[in-house]
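So the protein lines, in turn, are chains A and B. Per the working numbering: the first sequence ends with 218, consecutive numbering throughout. Per the working numbering: the second sequence ends with 218, consecutive numbering throughout. Everything below concerns the one structure shown next.
2 protein chains.
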Amino acid sequence: MARTASAAATSDRRPSLVDDAYAAMKEAIRESTFAPGYQASAQEIALRLGMSRTPVHEASLKLQEEGLVRIVPKRGIVICALAPDDIREIYDVIVAIEGRAAELVAALPAADREAIADALAASTADMETAFAAGDLTAWGQADAAFHRVLIEGARNGRITRIVQTINDQMHRARMLTLRLRGELPQSIADHGLIVGAIRTGDPAAAHAAARSHRLRTQRELIPLLEKLGLKHL
Amino acid sequence: MARTASAAATSDRRPSLVDDAYAAMKEAIRESTFAPGYQASAQEIALRLGMSRTPVHEASLKLQEEGLVRIVPKRGIVICALAPDDIREIYDVIVAIEGRAAELVAALPAADREAIADALAASTADMETAFAAGDLTAWGQADAAFHRVLIEGARNGRITRIVQTINDQMHRARMLTLRLRGELPQSIADHGLIVGAIRTGDPAAAHAAARSHRLRTQRELIPLLEKLGLKHL
DNA sequence: TGATATCAACTTCCATGGAAGATGCAATGG
DNA sequence: CCATTGCATCTTCCATGGAAGTTGATATCA
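Structure representation (structure tokens):
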């Protein structure tokens, strides 16, 4: 299974303390154990994780590189918040990258792209089931699986990595907005269009379908966040 | 204006030793002072830069994050080479990102996009002049300026950052292929199309023009590298 | 002569201590 | 009572030393 590049650099050997600290801190941020704006110190985190400050410091540098935290000299490590403008930026990247990924997948040899189309169709079916059952968590997981298969199908490590980084940042926004959006059925229809274009091997159609899917989500999400008066999350 | 996380961390205060080491190492890689495959040790670089091993180590972690070097656990720091397949990956990202950037610029208010169109037209004119004079270095600089203005015009810190990272990786390939490519006049014509679409405010046309410009370069560059038998550079 | 085993010389990784600096609180002066 | 100054505390940043591990050469034996 493909991992992020940082993980890939260490994938063939046992995880170092830096990797442990990185994973633990990222998990804490994802699950909001460290809320946005929370200010920690390397010393405190090191104590909690049972290691010294050095690996914690290096891990926080990596997290800063990914935009999840900010290291303020002489102050500490602060967890970054996401403003609506950040969401706009992120979606502009996703629109571009995922559109291209869908195009590349649709240009694959027939056998390859049909296998991917099958996997995508399965995830879409899972979304329908979850929607019918009103299970938003399952819906979110199936949706994530769909987009992961789509991205990895493009077989481009840099694309995979960019999307991985962005997904880490988006995770909190996703969780929050999942239960506020009303256009879930539309997403299922969008996914169907993408799958169809990939199955028939029509790169231009796949590109357009993936683009408009993300553009629509962006157009719905940002006003929603602004209406809620969420200056950050 | 929002900056990237790493730039923000270093933009408003004097550069730390880590930043010095980072800049020095990146420059050395760009200018091939450290050739691909070259294997250094943190101790040696630290000695050369007049600092201790810690800032060198942290800088090399950042460079590893950007894919410029690889830290092999008990061996040393090796400078990454670029295979033709890396070039393919990079161009797939550029095609997607720069196409979207052009689209976003063309959707700006008239005054903004005209100012950007003027700057882009100026760079294109510089390219014509340099081409007529046979000055490949000036041509490359003007070309780089064009694409930089285009990307920064999109006003998206994440897009800027992604392209910056990719350009760092591409620099050696650019320098090498600049004097091997025969389609320089076509690039000038492509740029003219992009500028025109931005000036008239036609996002779809700008998107298509920027896309096909990069797609054409990709289609010409990869066979060129493979024909030369360059397994890495 | 060729193959193997041992060792010495490197490397990164991590812990820890000192230095420089920012912040917030307390004490003091108006 | 409020403002200001000084100090104690806490932070990151960087240097350095020890530990673990890999590599390549050298010496030894069949």
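The beta carbon of each residue, even a glycine, is placed where N, CA and C say it ideally should be.
Residue interval of the beta strand (DSSP E) (run including residue i)
| i | result |
| --- | --- |
| R55 (chain B) | V54 to V57 |
Supposed contact pair residue j and residue i - C-beta distance, whole angstroms, cut 8 Å
| i | j | result |
| --- | --- | --- |
| I101 (chain A) | G138 (chain A) | 4 Å |
| R196 (chain B) | V80 (chain B) | 6 Å |
| Y7 (chain A) | L48 (chain A) | 7 Å |
| G177 (chain B) | R98 (chain B) | No, G177 (chain B) and R98 (chain B) are not in contact; Cβ-Cβ is about 16 Å, not under 8 Å. |
| H192 (chain A) | G84 (chain A) | 5 Å |
| E50 (chain B) | E43 (chain A) | The pair is not a contact, with the Cβ atoms about 11 Å apart (cut-off 8 Å). |
| L135 (chain A) | A86 (chain A) | 6 Å |
| A123 (chain A) | A115 (chain A) | 4 Å |
| D111 (chain A) | A91 (chain A) | That pair is no contact at about 22 Å. |
| L210 (chain A) | I72 (chain A) | 6 Å |
| S17 (chain A) | R157 (chain A) | 7 Å |
| Q28 (chain A) | R38 (chain A) | 6 Å |
| L121 (chain B) | R164 (chain B) | 6 Å |
| A194 (chain A) | D175 (chain A) | 7 Å |
Endpoints, the alpha helix (DSSP H) within which residue i is located
| i | result |
| --- | --- |
| G138 (chain B) | L121 to G138 |
| T18 (chain B) | Counting along the chain, T18 (chain B) falls outside any alpha helix (DSSP H), and DSSP gives it neither H nor E. |
| G84 (chain A) | P69 to A91 |
| D153 (chain A) | G142 to L163 |
| D103 (chain B) | A95 to A118 |
Cβ-based burial, residue i [other Cβ within 10 Å; buried from 16]
| i | result |
| --- | --- |
| A96 (chain A) | exposed |
| R33 (chain A) | exposed |
| G119 (chain A) | exposed |
| L89 (chain A) | buried |
| G35 (chain B) | exposed |
| A(-6) (chain B) | Only weak support exists for where A(-6) (chain B) lies, its pLDDT of 36 falling under 50; the coordinates are left without a value. |
| S26 (chain A) | exposed |
| D77 (chain B) | buried |
| S172 (chain A) | buried |
| S45 (chain A) | buried |
| E12 (chain A) | exposed |
| P94 (chain A) | exposed |
| A117 (chain A) | exposed |
| E74 (chain B) | buried |
| L206 (chain B) | buried |
| D70 (chain A) | exposed |
| R199 (chain A) | buried |
| V41 (chain A) | buried |
| I151 (chain B) | buried |
| L105 (chain A) | buried |
| V3 (chain A) | buried |
| A182 (chain B) | buried |
| V148 (chain A) | buried |
| R159 (chain A) | exposed |
Beta-ladder partner(s) of residue i, from DSSP
| i | result |
| --- | --- |
| I62 (chain B) | B:A25 and B:I56 |
Simplified DSSP state of residue i, which is helix, strand or coil
| i | result |
| --- | --- |
| R201 (chain A) | helix |
| D175 (chain A) | helix |
| R38 (chain A) | helix |
| G167 (chain B) | coil |
| P0 (chain B) | coil |
| D187 (chain B) | coil |
| L209 (chain B) | helix |
| A(-6) (chain A) | Residue placement at A(-6) (chain A) cannot be trusted, given a pLDDT of 38 that sits under 50; what the coordinates show is reported in the next sentence. Three-state DSSP puts A(-6) (chain A) in coil, outside helix and strand. |
| E51 (chain A) | coil |
| D5 (chain B) | helix |
heavy atom of the ligand SAM below 8 Å from residue i C-beta
| i | result |
| --- | --- |
| C65 (chain A) | The ligand SAM is not part of the structure shown, which contains no ligands of any sort. |
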